Amino acid sequence: MKIARRIAFFLFIVLHFSFLMVNFYHDSNLFLWTGLLLIISVLIGVAYFKAPREDEEHFFEDLYNIVFVVIGCIITFFLNQKIQLGPVLAAGLTGTGASFIPNFFSRKTNFIKEIPAAIYCGAFLGMTGPAVSESWIFIIPAAVISGVFYIFSKNIFQGYGGKLGSVAFGGVVITSSVLFFFSA
1 MKIARRIAFF
11 LFIVLHFSFL
21 MVNFYHDSNL
31 FLWTGLLLII
41 SVLIGVAYFK
51 APREDEEHFF
61 EDLYNIVFVV
71 IGCIITFFLN
81 QKIQLGPVLA
91 AGLTGTGASF
101 IPNFFSRKTN
111 FIKEIPAAIY
121 CGAFLGMTGP
131 AVSESWIFII
141 PAAVISGVFY
151 IFSKNIFQGY
161 GGKLGSVAFG
171 GVVITSSVLF
181 FFSA
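Using full-length UniProt numbering, read the sequence shown as starting at 1 and increasing by one per residue.
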């Protein structure tokens, strides 16, 4: 499981590094940006591996999180692209609705407490624009991949902002890449 978590962390770094490099590709100072991003990536990696954290070994117990990521994605995608509420409002409604789920249960187990975060991760994925994902054929596999990525990255960047969006971004990038290679 530690290897899977390290792979998940490595994917975080590579995906974000690649995304930033594509954005800076047309800049005249490409060498400067590449060097700066490499230094930042190395520093983040060192900080991550030096930071104290508790590793949980509950992979099979966490498989339900995939379902909740998919549910959050479907709801947000539907509100965003089918009802035309827009990505921010759709994700906001989904995330707000998910935040009330633990209030409906008398026993607040870890299972119940983790549902809102998984649904909100899916909400970020459902925000994907129509230029990238026009149909369920793209969004469902991306949600499943993001759900798996969510499980593997459970203890990565605990307490830091941007984790759920990064997981959703990873699912979209991996799904887009797979579909691109199979369509070529």
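We put the beta carbon where it would ideally sit given N, CA and C, even for glycine. Since the model is a prediction, treat every value here as computed from it, not as a measurement.
- Item | Top-ranked residue by Cα proximity to Q81, from G45, E134, V42 and T34 | E134
- Query: Any idea what DSSP makes of Q81, helix, strand or coil?
  - Reply: helix
- Message: Give me the residue from A117, L93, F9 and G92 with the minimum Cα distance to P102.
- Response: A117
- Task: Please check the pair Y120 and L164, which I expect to be a contact at CB under 8 Å, by giving their CB distance rounded to whole angstroms.
- Result: 6 Å
- Item | Buried versus exposed call for P87 [16 or more other C-beta atoms within 10 Å across all chains shown] | buried
- Query: In whole angstroms, what is the alpha-carbon distance linking I140 and G45?
  - Reply: 31 Å
- State yes or no: is the C-beta of S153 within less than 8 Å of the C-beta of A168? no
- Message: Is it buried or exposed, T175, if we count other Cβ atoms within 10 angstroms and call 16 or more buried?
- Response: buried
- For the candidate residues F19, F124 and L93, whose alpha-carbon lies nearest to that of V70? F124
- Query: Just the Cα atoms here: how many angstroms apart are F19 and A143?
  - Reply: 20 Å
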